[in-house]
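Colleague: Heads up, the sequence shown is in the working numbering, so the first residue is 2 and it goes up one at a time.
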Amino acid sequence: MNKIKISAVAYTNTKAFIYGLKHSDIINKIDLSLDIPSDCAAKVINDQVDIGLMPVAAIPLVPNANIVADYCIGSDGGVNSVFIFSNVPAHEIKTVRLDAHSRTSNNLAKVLLKFHWKKEVEFTTDPDAKTDAFVLIGDRTFGKKNDFAYAYDMGEEWKNLTGLPFMYAAWVANKKISDEFKAEFNAALKLGLDHRKEVLAELPESPNFDLEDYLYHKLQFEVTEDRKKALNLFLGYIDELENVSI
Numbered sequence: 002m003n004k005i006k007i008s009a010v011a012y013t014n015t016k017a018f019i020y021g022l023k024h025s026d027i028i029n030k031i032d033l034s035l036d037i038p039s040d041c042a043a044k045v046i047n048d049q050v051d052i053g054l055m056p057v058a059a060i061p062l063v064p065n066a067n068i069v070a071d072y073c074i075g076s077d078g079g080v081n082s083v084f085i086f087s088n089v090p091a092h093e094i095k096t097v098r099l100d101a102h103s104r105t106s107n108n109l110a111k112v113l114l115k116f117h118w119k120k121e122v123e124f125t126t127d128p129d130a131k132t133d134a135f136v137l138i139g140d141r142t143f144g145k146k147n148d149f150a151y152a153y154d155m156g157e158e159w160k161n162l163t164g165l166p167f168m169y170a171a172w173v174a175n176k177k178i179s180d181e182f183k184a185e186f187n188a189a190l191k192l193g194l195d196h197r198k199e200v201l202a203e204l205p206e207s208p209n210f211d212l213e214d215y216l217y218h219k220l221q222f223e224v225t226e227d228r229k230k231a232l233n234l235f236l237g238y239i240d241e242l243e244n245v246s247i
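Structure (structure tokens):
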């Protein structure tokens with residue numbers, strides 16, 4: 002049997018999923034690679050893997066895209082790892098540096114600035130550009146919230162805008178996956194979530210950041226109807242944006 006190629010993200014927010022895959026028999030049926038979100042998306046889009054835990058903003062770029070798991074990376078309000086860090090309050094932001102790691106976070110920043118804060122802003126991907134604000138996601142944000150004058154948690158701001166939770170990344174396939182495999186895959190992901198205590202014990206300490214609160218309370222992992230509704234609304238907002246790069 003050909004192994005199913007899977008790309009997962011190597012951030013702390015996916016460690017429980019990876020634990021579950023590695024501690025289930027399914028590990029013998031898959032080729033697992035660990036990537037940053039943008040590379041994960043590219044691999045699914047380019048058919049280098051069959052399934053990826055990819056930023057949801059890239060789903061429209063995937064041929065035959067279908068979500069194959071009951072689990073995702075989500076939040077209901079603040080997530081504490083997806084930020085716009087700024088030197089000025091939101092209503093004064095004029096320039097923003099985007100994060101090369103994730104399409105979803107960059108587009109979420111664009112959506113929030115235009116539809117939540119009603120701002121027309123210049124964006125750059127130049128890592129050396131001097132800007133009023135910048136997007137940063139994942140483990141690189143841990144303990145950094147107090148380092149900047151303003152830290153806007155985009156999960157919280159999305160909730161303020163829409164009243165809905167958010168889905169940052171989903172397990173997306175670019176082809177039909179058997180129901181048998183999907184059931185086994187979901188069971189492995191659930192196993193990982195059920196063993197978050199063991200995952201926490203293996204994580205390196207993170208100064209000024211509560212990893213237990215993050216894994217048990219800030220992050221939410223279920224693909225709910227409200228989260229699907231939020232995904233469709235988010236993709237609709239992206240469509241409304243002019244000159245948006247996804």
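We put the CB at the ideal spot given by N, CA and C, even for glycine.
Going straight from the alpha carbon of L234 to that of A170, what length do you get?
Modeller: If you take the alpha carbons of L234 and A170, they lie about 15 Å apart.
Colleague: State yes or no: is the C-beta of H92 within less than 7 Å of the C-beta of L162?
Modeller: No, Cβ-Cβ distance for H92 and L162 is not below 7 Å.
Colleague: Since V97 is in the alpha helix (DSSP H), which residue starts that stretch and which ends it?
Modeller: Premise fails: V97 lies in the beta strand (DSSP E), T96 to R98, not in any alpha helix (DSSP H).
Colleague: Tell me, please, which residues DSSP counts as bridged to C73.
Modeller: Beta-bridge pairing links C73 to A171.
Colleague: Under the three-state reduction of DSSP, which class applies to K6: helix, strand or coil?
Modeller: In this structure, K6 counts as strand in the three-state DSSP scheme.
Colleague: Using CA atoms only, rank isn't needed, just tell me which of V97, S25, E158 and L62 is closest to N240.
Modeller: Just to set this straight, residue 240 is Asp in the shown sequence, not Asn. Considering only alpha carbons, the answer is L62.
Colleague: Using the three-state DSSP reduction, which class does E185 fall into: helix, strand or coil?
Modeller: In this structure, E185 counts as helix in the three-state DSSP scheme.
Colleague: Leaving out five residues on either side along the sequence, give the residues of the same chain with a beta carbon under 6 Å from the beta carbon of H185.
Modeller: The sequence shown places Glu at residue 185, rather than the His named in the question. Excluding residues within five positions, the ones whose Cβ falls inside 6 Å are I27.
Colleague: Within 10 Å of its beta-carbon, does S103 have 16 or more other beta-carbons around it, so buried, or fewer, so exposed?
Modeller: The residue is buried, with at least 16 neighbouring Cβ atoms inside 10 Å.
Colleague: Would you grab the beta carbon distance between D71 and E223 for me? Rounded to a whole angstrom, and I think it's under 8 Å.
Modeller: Contact holds; Cβ gap of about 7 Å.
Colleague: With a 10 Å radius around its C-beta and 16 neighbouring C-beta atoms as the bar for buried, classify A150 as buried or exposed.
Modeller: By the 10 Å Cβ count, A150 comes out exposed.
Colleague: Return the CA-CA distance between K4 and I178, expressed in angstroms with no decimal places.
Modeller: Distance between the alpha carbons of K4 and I178 is about 12 Å.
Colleague: Suppose contacts are defined by Cβ-Cβ distances below 7 Å. Is A110 in contact with V136 by that definition?
Modeller: Cβ atoms of A110 and V136: closer than 7 Å.
Colleague: Helix, strand or coil, according to DSSP, for I178 in the structure here?
Modeller: Three-state DSSP puts I178 in coil, outside helix and strand.
Colleague: For A134 and F167, I'd like the C-alpha separation in whole angstroms.
Modeller: When rounded, the distance between both Cα atoms is 22 Å.
Colleague: Between the Cα of D51 and those of W172, K219 and K230, spot the shortest distance and give me the residue it belongs to.
Modeller: Per the Cα distances, W172.
Colleague: Assuming T96 and E123 are in contact, meaning their beta carbons sit under 8 Å apart, how far apart are those beta carbons, in whole angstroms?
Modeller: Right, the Cβ-Cβ distance comes to about 5 Å (below 8 Å), so this counts as a contact.
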